[in-house]
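Structure record follows, encoded as C-alpha cells.
Number of protein chains: 2
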Amino acid sequence: MEFKKEQLANGLVIIGEVNKSAKSAAVGFFVKTGSRDETKKINGVSHFLEHMLFKGTEKLTALQVNEAFDRTGAQFNAFTSEENTVFYAAVLPEYLLEVTNLWTELMRPALRNEDFDIEKDVIKQEIAMYKDLPSFDVTDRCRKLHFDSHPCGNSVLGTEESIDRLTADQMRAYFANRYAPNNIVLAVAGNFDWDQICSTAQSRCSIWQKRPASRKLDQAPGSKKKERLEKSNLAREHICLMSPGLSAQDPKRFAASLLATIVGDDVGSRFFWELVDKALAETATMQFGAMDGTGVFCSYIRCSNENLPKVLETVRAVFSSLSSDGITEDELTKAKNKILSALVIKNELPMGRLVDLGFNWTYLQRYRTVADDINAIKAVTVNNIHSLIEKFKLGDFTQLSLGPAQ
Amino acid sequence: MEFKKEQLANGLVIIGEVNKSAKSAAVGFFVKTGSRDETKKINGVSHFLEHMLFKGTEKLTALQVNEAFDRTGAQFNAFTSEENTVFYAAVLPEYLLEVTNLWTELMRPALRNEDFDIEKDVIKQEIAMYKDLPSFDVTDRCRKLHFDSHPCGNSVLGTEESIDRLTADQMRAYFANRYAPNNIVLAVAGNFDWDQICSTAQSRCSIWQKRPASRKLDQAPGSKKKERLEKSNLAREHICLMSPGLSAQDPKRFAASLLATIVGDDVGSRFFWELVDKALAETATMQFGAMDGTGVFCSYIRCSNENLPKVLETVRAVFSSLSSDGITEDELTKAKNKILSALVIKNELPMGRLVDLGFNWTYLQRYRTVADDINAIKAVTVNNIHSLIEKFKLGDFTQLSLGPAQ
Numbered sequence: 011m012e013f014k015k016e017q018l019a020n021g022l023v024i025i026g027e028v029n030k031s032a033k034s035a036a037v038g039f040f041v042k043t044g045s046r047d048e049t050k051k052i053n054g055v056s057h058f059l060e061h062m063l064f065k066g067t068e069k070l071t072a073l074q075v076n077e078a079f080d081r082t083g084a085q086f087n088a089f090t091s092e093e094n095t096v097f098y099a100a101v102l103p104e105y106l107l108e109v110t111n112l113w114t115e116l117m118r119p120a121l122r123n124e125d126f127d128i129e130k131d132v133i134k135q136e137i138a139m140y141k142d143l144p145s146f147d148v149t150d151r152c153r154k155l156h157f158d159s160h161p162c163g164n165s166v167l168g169t170e171e172s173i174d175r176l177t178a179d180q181m182r183a184y185f186a187n188r189y190a191p192n193n194i195v196l197a198v199a200g201n202f203d204w205d206q207i208c209s210t211a212q213s214r215c216s217i218w219q220k221r222p223a224s225r226k227l228d229q230a231p232g233s234k235k236k237e238r239l240e241k242s243n244l245a246r247e248h249i250c251l252m253s254p255g256l257s258a259q260d261p262k263r264f265a266a267s268l269l270a271t272i273v274g275d276d277v278g279s280r281f282f283w284e285l286v287d288k289a290l291a292e293t294a295t296m297q298f299g300a301m302d303g304t305g306v307f308c309s310y311i312r313c314s315n316e317n318l319p320k321v322l323e324t325v326r327a328v329f330s331s332l333s334s335d336g337i338t339e340d341e342l343t344k345a346k347n348k349i350l351s352a353l354v355i356k357n358e359l360p361m362g363r364l365v366d367l368g369f370n371w372t373y374l375q376r377y378r379t380v381a382d383d384i385n386a387i388k389a390v391t392v393n394n395i396h397s398l399i400e401k402f403k404l405g406d407f408t409q410l411s412l413g414p415a416q
Numbered sequence: 011m012e013f014k015k016e017q018l019a020n021g022l023v024i025i026g027e028v029n030k031s032a033k034s035a036a037v038g039f040f041v042k043t044g045s046r047d048e049t050k051k052i053n054g055v056s057h058f059l060e061h062m063l064f065k066g067t068e069k070l071t072a073l074q075v076n077e078a079f080d081r082t083g084a085q086f087n088a089f090t091s092e093e094n095t096v097f098y099a100a101v102l103p104e105y106l107l108e109v110t111n112l113w114t115e116l117m118r119p120a121l122r123n124e125d126f127d128i129e130k131d132v133i134k135q136e137i138a139m140y141k142d143l144p145s146f147d148v149t150d151r152c153r154k155l156h157f158d159s160h161p162c163g164n165s166v167l168g169t170e171e172s173i174d175r176l177t178a179d180q181m182r183a184y185f186a187n188r189y190a191p192n193n194i195v196l197a198v199a200g201n202f203d204w205d206q207i208c209s210t211a212q213s214r215c216s217i218w219q220k221r222p223a224s225r226k227l228d229q230a231p232g233s234k235k236k237e238r239l240e241k242s243n244l245a246r247e248h249i250c251l252m253s254p255g256l257s258a259q260d261p262k263r264f265a266a267s268l269l270a271t272i273v274g275d276d277v278g279s280r281f282f283w284e285l286v287d288k289a290l291a292e293t294a295t296m297q298f299g300a301m302d303g304t305g306v307f308c309s310y311i312r313c314s315n316e317n318l319p320k321v322l323e324t325v326r327a328v329f330s331s332l333s334s335d336g337i338t339e340d341e342l343t344k345a346k347n348k349i350l351s352a353l354v355i356k357n358e359l360p361m362g363r364l365v366d367l368g369f370n371w372t373y374l375q376r377y378r379t380v381a382d383d384i385n386a387i388k389a390v391t392v393n394n395i396h397s398l399i400e401k402f403k404l405g406d407f408t409q410l411s412l413g414p415a416q
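Just so you know, the sequences run in chain order A and B. If you count the first sequence from 1, position 292 lands on 302 in our numbering, and the numbers rise without skipping. If you count the second sequence from 1, position 256 lands on 266 in our numbering, and the numbers rise without skipping.
This is the structure we're talking about:
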C-alpha cells in the first residue's frame with residue numbers, strides 16, 4: 011500500500027493509494043458541493059448537475075457517454091449529498107485509465123438547454139418517487155425542521171417548485187464556481203499505475219479555471235421542534251429524531267460513531283433490545299452523521315401508529331438511562347468490534363477504500379491509513395463516551411413523525 | 011486460492027476456498043429450503059424459521075446470541091428466498107472460528123413456544139411494512155400470478171392469515187425435515203484455517219440427524235395473465251413482467267444473464283435508452299433469475315400513470331425488435347464487460363465469494379473457480395443469445411401493474 015499525492019497549478023488535488031494485489035481499481039471525482047451550498051432559489055441544482063454530467067460534453071452525446079462506460083464494463087455511478095457530489099467507477103485494472111479519461115471529460119459537461127429541459131422532468135419524477143418512500147421523506151423533512159434556516163436543512167433533491175423555477179443559466183453559473191478544480195479531489199485506489207493517472211489528469215484537467223469556492227460553516231444548534239404530519243397512503247408510523255453532533259473534522263468523531271452504534275445499531279443496540287426485540291417497533295436505528303463543521307445524531311424508527319406513544323416513551327427512557335448510568339466497558343468493546351470489522355471489510359475492496367480516501371482528503375486535507383482509523387477507534391474510552399453524552403444531549407431532539415391519518 | 015471439501019457421515023457438506031491474502035473471512039450455512047418447499051397451509055414458515063434461529067438454543071437465550079455476535083464484531087445476517095435460507099457472517103480472521111462455532115449452535119435452535127408467539131407479531135409487522143414498498147409488492151404479486159399453482163409462486167413472507175394459522179408444532183416438523191444435515195452446505199471463504207473449520211463442524215454437527223429432504227422440480231410455463239390492481243396510496247405506476255427462463259443448472263444460464271443485461275441493465279440497456287433516457291419511465295430493468303430446475307426473466311418498471319400505455323407499447327416494441335433483428339456483437343461485448351467486472355469485484359471480497367461458492371455447490375454440487383465463470387461468460391456468442399431469444403419469448407409475459415386509483 012503506497013500513498014501518492016500531486017496538485018495541479020489550478021488547485022486540483024490528485025491522490026492515490028496503490029495496492030498491487032487488488033483485482034480491481036476504483037476512481038472518483040469528489041466535488042465539495044451539495045445542497046448546503048445552494049440558495050433557496052436554486053435548491054436542487056447540485057443534484058440536477060450530477061444528472062447533467064451524464065448528458066455529455068461538447069464532443070460526446072449522452073448516448074456516446076453511456077457507450078463509453080459500457081465498453082469498460084465499469085460499475086459507475088454518482089451521488090449527491092448535503093455537501094458532496096461524487097462521481098466514481100470501479101473497473102478491472104486494464105480499464106482504469108480509459109474510465110478515468112472519460113470522467114475527466116465528463117467533468118466539463120456541455121450543459122445543453124435541450125438536455126436541461128428533458129432532465130427537469132426526470133428530476134421531478136425522482137422527487138415524486140421519493141414521496142412513495144416514507145423513510146426517506148421523513149428524514150428529509152426532519153432535517154429541514156432541525157436545521158431550520160441553516161443551509162444544511164436544504165433538501166438534496168430540491169422541491170418541484172425550485173426545480174420548475176431553475177434556469178439553465180443559473181445552473182451554469184453554479185457549475186462554474188462549484189466545479190472549480192480547487193474545489194475537487196481526484197482519488198484513485200486499488201491496482202493502478204500512478205504515473206499514468208497523473209499524466210492523464212495533467213493533460214486533461216490543467217486547463218480548468220481556478221475560482222473562489224467557499225462554504226458557510228455556521229454552527230447549527232437545531233430547532234428542537236416537534237411535529238407530526240399525516241399522509242393517507244401510510245400504513246405505519248415513521249419517526250425521525252435529530253440532535254446536534256460533532257463535525258467530520260473533530261477528533262472525537264470516532265467516539266460519536268461508537269456512541270451511535272451503542273444506542274442504535276441494527277442489532278444488539280439499546281434501541282434494538284428495547285424497541286425491536288420487544289416488538290414495539292420494526293426498525294429503530296441511530297446514526298452519527300459527521301458533516302463539514304457540524305454534525306447530527308439521527309434516529310429512524312418505524313412502528314404501528316398505536317405504538318407511537320409507547321415508542322417515544324421508551325426512546326426517552328433509553329436516553330435518560332444513558333445520561334444517568336452511562337455505558338459499560340462491554341458495550342464499548344462490542345461497538346468497537348463492529349465498527350472495526352465494518353471498516354476493515356469495507357476498505358478491503360478498492361471501491362470502498364476510494365470513498366474513505368476521498369472523503370478524508372475532502373474534510374481533513376490529509377491521508378489516513380486504515381490503520382490510523384483502527385487505532386483511533388481502539389483508543390476511545392468509556393470516559394470519552396461519557397463526555398460526549400454529557401455534552402450532546404441526545405434526549406433533546408428535533409422530532410418529525412409521519413403517519414397515517416387518524 | 012485453494013479449494014477444500016469434506017462430507018460428514020450424516021451428509022453435511024463442508025466446502026472452503028482459502029485465500030491467505032484476504033483481510034477478512036466469511037462463513038455461511040446454505041440451507042436448501044424456501045417458500046417453494048412449503049404448502050399453502052404453512053406458507054411463510056421458512057422465513058419465520060430464519061427469524062427463530064436468532065432466538066436461541068437450549069443453552070443460549072436470544073440476548074446471549076446477540077451478545078455472542080456482538081463480541082466478534084461480525085457483519086452477520088440471514089436471508090430467505092423462494093428456495094434458499096442462508097445464514098452468514100463476515101469477520102476479521104481472528105474471529106472466524108468463534109462465529110462459525112456460534113452458527114453451528116444456532117442451527118439447532120430451541121424453537122420455544124414463547125419466542126414463536128412473540129415473533130409472530132414481528133413477522134406480521136414485516137408483512138405490513140412491505141405493503142409500503144410497491145416495488146416489492148408488485149414483484150411478489152406478479153410471481154404468484156405467473157407461477158399460478160406452482161410452488162415457486164409462494165410468497166416468501168407468507169400472508170397475515172397463513173402466519174396467524176401457523177403453529178409451533180408445524181414449524182418444528184418442517185424444521186426437522188428441511189434443516190437435515192444432508193440438505194445443508196457449510197461454506198467458508200477468505201483467510202482461514204481449513205482444518206480448524208473441519209474439526210469444529212465435525213464436533214458440532216455430526217450428531218445432526220439425516221432425513222429425506224427432497225423438492226418438487228416441475229416446470230412452470232407461466233400463466234401469461236395480465237392484471238392491474240389499484241392502491242390508493244400510490245403516486246406512481248409499478249409494473250412487473252415475468253416470463254419463463256432457464257434453470258440454475260442450465261449451462262446456457264450465462265447467456266441468459268447477458269440477454270437480461272442487454273435488455274434491462276440499469277443503464278445503457280435497450281430499456282434504458284427507450285424508456286428511462288426518454289423520460290417515459292423512472293426505472294426499467296430486467297433481471298434473469300435462475301432457479302432450481304426453472305427460472306424467470308423478470309422486469310420492473312416504474313412510471314407515471316399517464317405514461318402506462320406508452321410504456322407498455324415501447325416494451326412490446328423492444329421485445330419484438332429483439333426477435334426480428336437480434337442483438338449486435340457490440341451489445342454483447344458491452345454486456346460481457348459489465349457482467350465480468352461485477353463478477354470480479356464481487357468475488358474480490360470474501361463475503362461476495364462465499365455466496366457464489368455456496369450457491370454453486372447447492373445447485374450444481376461442484377466447485378467453480380471465478381475463472382470458470384469468467385471463461386463461460388466470454389464463450390457466449392451472438393448466436394447463443396439469438397437461440398435464447400427464439401426459445402424464450404420475452405414478449406409473451408405475465409403482467410402485473412400496481413398503481414393509483416383512477
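For each residue, glycine too, the CB sits at the ideal point set by N, CA and C. Note that the coordinates shown come from a computational prediction; the quantities given were computed from them, not determined experimentally.
Per-residue DSSP class, three states only, for residue i
i      : result
B/K220 : coil
A/G368 : helix
A/G299 : strand
B/T379 : coil
B/A294 : strand
A/V28  : strand
B/K15  : strand
A/V390 : coil
B/A258 : coil
Proximal chain A residues relative to residue i, where beta-carbon distance stays under 9 Å
i      : result
B/M139 : A245, R246, E292, T293, R312
B/P144 : D142
Contacts that residue i makes with chain B (C-beta to C-beta distance below 8 Å)
i      : result
A/L359 : I355, E358, L359
A/P161 : In chain order: nothing, as chain B lies at least about 28 Å away.
A/I128 : A289
Spatial distance of residue i from residue j (CA atoms)
i      : j      : result
A/V28  : A/E12  : 5 Å
A/E60  : A/A88  : 7 Å
A/A270 : A/D260 : 16 Å
B/Y189 : B/R182 : 10 Å
B/Q375 : B/L73  : 36 Å
B/T110 : A/V273 : 27 Å
B/K134 : A/N315 : 15 Å
A/L364 : A/V41  : 14 Å
A/H57  : B/G168 : 39 Å
A/G305 : B/A19  : 57 Å
B/A138 : B/T408 : 25 Å
A/K288 : A/F79  : 48 Å
B/D142 : A/K14  : 47 Å
B/E292 : A/R214 : 33 Å
B/L244 : A/V328 : 35 Å
B/Q17  : B/I217 : 13 Å
beta-carbon residue i near the ligand NAP non-hydrogen atom, thresh 6 Å
i      : result
A/G299 : Ligands displayed in this structure: none; no statement on the ligand NAP is therefore possible.
Chain-ordered neighbours of residue i on chain A, where CB pairs are closer than 7 Å
i     : result
B/K30 : None at all; the shortest Cβ gap to chain A is about 11 Å.
Partner residues on chain A for residue i, Cβ-Cβ distance less than 8 Å
i      : result
B/L121 : What B/L121 touches in chain A: nothing, since even the nearest Cβ is about 17 Å away.
* Uninterrupted beta strand (DSSP E) stretches inside the stretch 179-256 of chain A (no shorter than 3 residues) -> 194-200, 236-240, 247-254, all fully within the stretch 179-256 of chain A.
* Contact set between the stretch 75-100 of chain B and chain A, restricted to residues whose Cβ is under 9 Å from the partner -> So the list reads N76, E77, F79, D80, R81, T82, G83, A84, Q85, F86, N87, A100, given in the order they occur along the chain.
* Quick one, which residues of the stretch 372-390 of chain B are near chain A if we go by CB-CB under 7 Å, in chain order? -> Those would be none; no residue qualifies.
* Go through the stretch 72-140 of chain A residue by residue and report every complete run of the beta strand (DSSP E) that reaches 3 residues or more, in order. => 85-90, 95-101, all fully within the stretch 72-140 of chain A.
* Asked: At which residue ranges does the stretch 300-344 of chain B contain complete beta strand (DSSP E) runs of 3 or more residues, listed in the order of the chain?
  -> You should have 305-313.
* Listed from N- to C-terminal order along the chain, which residues in the stretch 209-233 of chain A have their beta-carbon within a distance smaller than 8 Å of any beta-carbon of chain B? -> Within the stretch 209-233 of chain A, no residue has a Cβ that lies closer than 8 Å to any Cβ of chain B.
* To do: Please list the residues of the stretch 336-353 of chain A that have a C-beta atom closer than 7 Å to any C-beta atom in chain B, keeping them in chain order.
  => Those would be K344, N347, K348, L350, S351, A352, in chain order.
* Name the residues in the stretch 18-42 of chain A whose C-beta lies less than 8 Å from a C-beta of chain B; which are they? -> Here the close residues are S31, A32, K33, S34.
* Select from the stretch 242-271 of chain A all residues with a C-beta closer than 8 Å to any C-beta belonging to chain B, and list them in chain order. => Under the 8 Å Cβ criterion, the stretch 242-271 of chain A contributes S242, N243, L244, A245, R246.
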